[in-house]
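Mind the numbering: the sequence shown is residues 2 to 581 in the numbering used here, read in order.
Glycine included, every Cβ here is placed at the ideal spot set by N, Cα and C.
Just so it is clear, the structure is predicted and the values come from calculations on it, not from any experiment.
Worksheet: the structure to be examined is printed underneath.
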Amino acid sequence: MEILSSPVAGVVVRHLVAEGDSVTTGQELAILESMKIQTPLTAPASGVVQRWLAIAGATVQKGYGLCEFVLQGENVSTTAADGKNIDHPALLELRERVALTQDASRTAAVSKRHAKGYRTARENLAALCDADSFVEYGQFAVAAQRQHRDLDELKRNTSGDGIVTGTAHLNGERAVVIVNDYSVLAATQGYFHHKKLDRALSLAQQQTLPVVMYTEGGGGRPGDTDVLTQFAGLNVPSFAQWAGLRGVVPRVAVNNGYCFAGNAALFGAADIRIATKTSWIGMAGPAMIEGGGLGSFLPTQIGPVESQTRNGVIDVVAENEAEATVLARKALSYFQRGVTDDGEGPDQEGIGEHLPVDRRFAYNVRQIIEQLCDSDSVLELKPNYGAATLTALVRIAGRPLGLIASNCKHLGGAIDSEAADKLADFIELCDQFNLPLVSLVDTPGFMVGPDSENEGAVRRMSRLFAAGAKARVPWAAIFLRRAYGLGAMALTGGSFARPVYAAAWPTGEFGAMGLEGAVKLGFRKQLEAVADPAERQALFDRLLAESYDKGKAIEAASYLEIDAVIEPEQTRDAIIAALF
Numbered sequence: 002m003e004i005l006s007s008p009v010a011g012v013v014v015r016h017l018v019a020e021g022d023s024v025t026t027g028q029e030l031a032i033l034e035s036m037k038i039q040t041p042l043t044a045p046a047s048g049v050v051q052r053w054l055a056i057a058g059a060t061v062q063k064g065y066g067l068c069e070f071v072l073q074g075e076n077v078s079t080t081a082a083d084g085k086n087i088d089h090p091a092l093l094e095l096r097e098r099v100a101l102t103q104d105a106s107r108t109a110a111v112s113k114r115h116a117k118g119y120r121t122a123r124e125n126l127a128a129l130c131d132a133d134s135f136v137e138y139g140q141f142a143v144a145a146q147r148q149h150r151d152l153d154e155l156k157r158n159t160s161g162d163g164i165v166t167g168t169a170h171l172n173g174e175r176a177v178v179i180v181n182d183y184s185v186l187a188a189t190q191g192y193f194h195h196k197k198l199d200r201a202l203s204l205a206q207q208q209t210l211p212v213v214m215y216t217e218g219g220g221g222r223p224g225d226t227d228v229l230t231q232f233a234g235l236n237v238p239s240f241a242q243w244a245g246l247r248g249v250v251p252r253v254a255v256n257n258g259y260c261f262a263g264n265a266a267l268f269g270a271a272d273i274r275i276a277t278k279t280s281w282i283g284m285a286g287p288a289m290i291e292g293g294g295l296g297s298f299l300p301t302q303i304g305p306v307e308s309q310t311r312n313g314v315i316d317v318v319a320e321n322e323a324e325a326t327v328l329a330r331k332a333l334s335y336f337q338r339g340v341t342d343d344g345e346g347p348d349q350e351g352i353g354e355h356l357p358v359d360r361r362f363a364y365n366v367r368q369i370i371e372q373l374c375d376s377d378s379v380l381e382l383k384p385n386y387g388a389a390t391l392t393a394l395v396r397i398a399g400r401p402l403g404l405i406a407s408n409c410k411h412l413g414g415a416i417d418s419e420a421a422d423k424l425a426d427f428i429e430l431c432d433q434f435n436l437p438l439v440s441l442v443d444t445p446g447f448m449v450g451p452d453s454e455n456e457g458a459v460r461r462m463s464r465l466f467a468a469g470a471k472a473r474v475p476w477a478a479i480f481l482r483r484a485y486g487l488g489a490m491a492l493t494g495g496s497f498a499r500p501v502y503a504a505a506w507p508t509g510e511f512g513a514m515g516l517e518g519a520v521k522l523g524f525r526k527q528l529e530a531v532a533d534p535a536e537r538q539a540l541f542d543r544l545l546a547e548s549y550d551k552g553k554a555i556e557a558a559s560y561l562e563i564d565a566v567i568e569p570e571q572t573r574d575a576i577i578a579a580l581f
């Protein structure tokens with residue numbers, strides 16, 4: 002016989018077995034209570050409770066003898082009374098609630114998404130994040146509509162209140178992840194939806210974490226009746242928080258499907274904006290437009306990709322959500338200092354052959370960029386907006402850079418107002434996140450003429466100078482061919498002295514303005530003095546040839562207008578030496 006002692010100091014609430022009862026291993030014999038917490042006394046083995054030494058209601062100290070117990074041998078089999086083989090009711094409830102938030106419990110909603118060729122929010126989440134790295138916040142939120150909807154129904158149909166938020170590793174580094182769930186109330190922005198969004202953005206601010214946000218959704222949501230402290234619902238901090246992260250952490254937005262009102266505002270404020278071909282993005286949806294007396298429109302008539310690509314709203318167009326997710330990870334990687342690659346680039350031999358021998362012919366500058374940069378490292382932004390220039394995130398020798406380039410296939414490479422805005426935005430982005438810049442210059446200068454002035458050229462082109470002057474990142478300029486006037490200066494940060502290294506290919510040409518115009522303007526009287534048209538043309542050709550000789554890259558270098566003239570095959574090594 003042995004004495005079974007109290008495991009805690011407390012009150013004996015009740016005996017669960019009587020004197021003389023046989024019990025099995027682990028069976029509960031009595032319940033004690035201490036500080037409102039109940040603790041069982043269990044049988045250490047099979048046996049008989051011989052006699053109780055403390056009556057129910059008695060107060061005992063830890064170690065006080067509670068009963069005499071006669072062992073009858075060890076019973077190795079456990080039963081329900083063991084307590085360890087039964088899941089706690091609270092644990093079961095937790096698992097049930099978790100299950101309601103998963104796709105397996107939402108078959109109708111999942112089928113509806115798949116029928117449209119779309120992914121679910123959690124499918125996008127799984128593809129975006131490194132394996133097993135996602136930590137979810139606010140998983141059990143439901144719409145703030147308990148006053149007029151059954152709670153069980155809300156759990157089933159408003160899971161997460163239309164948004165999934167948390168932290169995860171992307172490319173091996175921590176980030177905040179926000180995925181709107183269109184299958185829940187069209188991912189409209191309700192009370193708890195905003196609360197979850199605000200919490201996620203606060204984490205990004207506090208821990209300096211980049212953010213990837215999937216923005217599909219219908220904007221603000223009426224009908225959240227549980228909230229008594231709101232009037233118009235305009236005192237939410239979400240939009241200010243999101244915009245306030247500009248220049249603090251990189252923010253990548255991804256959209257597929259309808260993105261209207263508040264969701265569109267979030268998309269538009271991101272640093273990098275990726276959208277699928279099946280995206281419609283607008284600052285108001287059909288109901289708001291019609292409610293404002295502006296007509297009735299289908300959602301597919303509002304902000305289609307074709308329009309939002311031409312006007313610069315979208316940076317990168319993806320075929321579908323799968324490609325958009327891959328691009329989101331790639332875009333973020335340029336801003337993650339711990340993300341590296343092997344730094345391998347194509348053979349540089351023959352890179353100069355992309356330039357035609359005849360200086361009047363256009364060429365594809367993208368071919369030069371692809372050969373200059375690391376393999377598969379070029380992510381061009383806004384290719385159809387401000388098309389006289391190119392902006393791209395790239396890598397050279399494994400290092401992330403921002404690259405701008407003239408595109409002589411559009412407007413001859415003349416910088417119009419759209420191109421100036423595009424360049425200024427990109428320069429500011431690179432400067433905010435310390436990405437060095439490379440310019441590939443071949444421009445006749447700024448676009449001129451009445452139409453250009455009607456587009457606000459003075460203001461928009463001047464902003465490009467301001468962006469370049471303010472930038473503090475190192476800058477390398479390579480003059481491929483033409484470098485004329487203010488436009489060429491703007492492509493080098495405002496001055497040829499601004500770059501840490503300014504070099505030209507032997508094909509480089511320099512002048513205060515386009516040489517043909519300079520000859521016509523500077524030698525007008527001499528040309529007008531020649532009456533015979535053929536003789537006048539011959540004089541013009543001779544003066545132009547002399548101007549070309551004077552404006553050659555080697556001459557500019559001899560006057561120290563630029564730092565060097567290099568062979569095209571030396572360009573990659575020269576950039577590496579200058580910037581790294």
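If you draw a straight line from the Cα of residue 205 to the Cα of residue 16, it is about 54 Å long. In this structure residue 554 touches residue 506 by the C-beta definition: roughly 7 Å separates them, less than 8 Å. Bridge partners of residue 406 according to DSSP: 391, 441. Under the DSSP definition of a beta bridge, residue 477 partners with 439, 502. Take residue 303, set aside five residues on each side of it, and the residues of its chain with a beta-carbon closer than 6 Å to its own are 281, 283, in chain order. DSSP places residue 524 outside both helix and strand once states are collapsed to three, so it counts as coil. Residue state for residue 384 is assigned as coil, using DSSP reduced to three classes. Between residue 355 and residue 572, the alpha-carbon positions lie close to 14 Å from each other.
In the three-state DSSP reduction, residue 48 falls in the strand class (E or B). Fewer than three Cβ pairs drawn from the region 98 to 112 and the region 50 to 70 lie within less than 8 Å of each other, which leaves the two stretches out of contact.
In this structure, the alpha-carbon of residue 475 lies about 6 Å from that of residue 580. Closest in C-alpha terms to residue 465, from the list 428, 361, 456, comes 428. The shortest CA-to-CA distance from residue 147 to any of 70, 136, 225 is the one to 225. In terms of Cα proximity to residue 2, the closest of 24, 14, 70 is 70. Residue 306 sits in a helix when the DSSP states are folded into three classes. Take the alpha-carbon of residue 383 and the one of residue 308: they are about 12 Å apart.
In this structure, the beta-carbon distance from residue 277 to residue 318 falls below 9 Å. The beta carbons of residue 497 and residue 563 sit closer together than 9 Å. Pairing residue 423 with residue 201, the inter-Cα distance amounts to about 30 Å. Listed as beta-bridge partners of residue 261 by DSSP are 283. With a threshold of 16 other beta carbon atoms within 10 Å, residue 435 falls short and is exposed. Residue 197 places its beta carbon less than 9 Å from that of residue 162. In this model, residue 64 and residue 4 are separated by some 10 Å (Cα to Cα). Your pair residue 322 and residue 119 checks out as a contact, with CB atoms roughly 6 Å apart and the cut at 8 Å. Under a 10 Å Cβ-count criterion, residue 473 is classified as exposed, with fewer than 16 other Cβ atoms of the shown protein chains found around its own Cβ. The DSSP assignment places 152 to 158, 192 to 208 as complete runs of the alpha helix (DSSP H) inside the region 129 to 208, in order along the chain (cut-off: 4 residues).
Judged by pairs of C-beta atoms under 8 Å, the region 454 to 468 does not touch the region 531 to 544, as fewer than three such pairs exist. Rounded to whole angstroms, the gap between the alpha carbons of residue 152 and residue 143 is 9 Å. Apart from sequence neighbours up to five positions away, the residues of its chain that approach residue 488 with a beta-carbon distance below 6 Å are 416, 444, 446, 447, ordered along the chain. With fewer than 16 other Cβ atoms from the protein chains shown falling within 10 Å of its own Cβ, residue 560 counts as exposed.
Looking at 336, 362, 358, 374, the one whose alpha-carbon comes closest to that of residue 349 is 374. Just measuring C-alpha positions, the residue of 194, 219, 72, 139 sitting nearest residue 238 is 194. Pairing residue 388 with residue 502 gives a Cβ-Cβ distance that is not under 9 Å. Around the beta carbon of residue 331, 16 or more other beta carbons lie within 10 angstroms, which makes this residue buried. In this structure, the alpha-carbon of residue 191 lies about 7 Å from that of residue 221.
About 5 Å separates the beta carbon of residue 176 from that of residue 210, a gap short enough to meet the 8 Å contact definition.
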